[in-house]
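Asker: If you scroll down you'll find the structure; I have some questions about it.
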Amino acid sequence: MTLEVCVESFEDALIAAQNGADRIEYCSALAVGGLTPTPGALTRMPEIPVPCFAMIRPRPGNFVYSATEIETMTREIAMARQAGAQGVVFGACKADGSLDTEALKLLCDAAGGLAKTLHRAFDVTPDAFGALETAVSLGFDRILTSGQKTTAEEGCNMIADLIARAQGRIIILPGSGVTAANASTLRAKTGTSQLHASCKQAAATGEEGRVATDGRAVRDLRRAMDH
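Going by this note's numbering, the sequence shown opens with residue 1, and the numbers climb by one from there.
In structure tokens, the structure reads:
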């Protein structure tokens with residue numbers, strides 16, 4: 001199985017990779033759901049020993065973006081590509097929660113041959129199966145989802161249905177609340193071959209707002225997935 005770990009710093013990326021992560025989702029500000037890494041952080045990606053996908057999200061809050069914000073996101077994609085990212089992670093919705101197909105096409109075109117993950121903007125869409133078909137038609141490689149529930153374990157029935165509906169056309173990547181304790185349950189109930197986790201530890205005193213990667217949690221999850 002493939003383990004993707006989301007991190008908010010270069011140091012945390014190294015910790016995740018050293019403890020069994022196969023791929024990194026590289027972000028800043030995980031406490032608000034993850035934003036685009038800073039330019040300086042992006043330049044460190046070639047030093048990370050596993051494939052690295054860059055989050056492309058210009059601000060916290062909802063996923064309804066103006067034309068100006070979409071233009072910013074296309075520039076961030078270009079920066080990530082130049083810095084050595086092997087993939088990018090993004091999403092965009094309309095006010096009713098449905099995927100913003102026009103905006104997503106612009107972003108997918110900007111990403112070109114980079115791997116493309118539709119992030120959990122998918123989980124606010126009112127029609128999950130319709131959104132799945134939209135993601136396939138736009139050329140996304142994977143969808144990160146909790147099955148439209150708070151955690152992937154709660155949403156495992158929907159995740160299983162999405163994997164069945166996808167029929168191998170796109171990867172369904174379960175994420176949210178994934179730990180060593182529920183990895184085997186998620187695999188058994190959904191048939192997934194990949195998992196996404198933050199493996200975070202409590203912030204130290206004076207580091208409120210910081211989401212640090214727990215190497216032991218990554219290692220335990222890796223072990224659970226392998227067995």
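For every residue, glycine included, the Cβ atom is placed at its ideal position computed from N, Cα and C.
For Glu-25, does the three-state DSSP call read helix, strand or coil?
Answerer: Reduced to three states, the DSSP call for Glu-25 is strand.
Asker: Closest by CA to Ala-110, which one among Ala-212, Gln-167, Gly-87 and Arg-223?
Answerer: Taking only the C-alpha atoms, the option nearest Ala-110 is Gly-87.
Asker: At a Cβ threshold of 8 Å, is Arg-223 touching chain E?
Answerer: The displayed structure is made up of one protein chain only, and chain E is not part of it.
Asker: The alpha helix (DSSP H) that contains Phe-129, what's its start and end?
Answerer: Phe-129 -> alpha helix (DSSP H) spans 128 to 138.
Asker: With DSSP collapsed to three states, give me the class of Thr-145.
Answerer: DSSP places Thr-145 in strand when its eight states are reduced to three.
Asker: Cβ of Ile-48 within 8 Å of Cβ of Ile-77?
Answerer: Going by C-beta atoms, Ile-48 is not nearer than 8 Å to Ile-77.
Asker: To the nearest angstrom, report how far apart Arg-142 and Gly-206 are at their CA atoms.
Answerer: Arg-142 and Gly-206: Cα-Cα distance of roughly 37 Å.
Asker: Is the beta carbon of Cys-156 less than 8 Å from the beta carbon of Gly-168?
Answerer: No, these two residues do not count as a Cβ contact at 8 Å.
Asker: Restricting to Cα atoms, I'd like to know which of Gln-201, Ala-95 and Lys-189 is closest to Leu-30.
Answerer: Minimum Cα distance to Leu-30 is reached at Gln-201.
Asker: Are there three or more Cβ pairs, one per stretch, closer than 8 Å when the region 157 to 167 is compared with the region 127 to 141?
Answerer: Contact between the region 157 to 167 and the region 127 to 141 is present, because at least three Cβ pairs lie under 8 Å.
Asker: Buried or exposed: which applies to Ser-176, given that a residue is buried once 16 or more other Cβ atoms fall within 10 Å of its Cβ?
Answerer: Buried: at least 16 other Cβ atoms inside 10 Å.
Asker: For Gly-84 and Arg-44, I'd like the C-alpha separation in whole angstroms.
Answerer: Approximately 9 Å, taken between the alpha carbons.
Asker: Report the partner residues of Phe-53 according to the DSSP bridge assignment.
Answerer: Glu-25 and Gly-87, per the DSSP bridge assignment.
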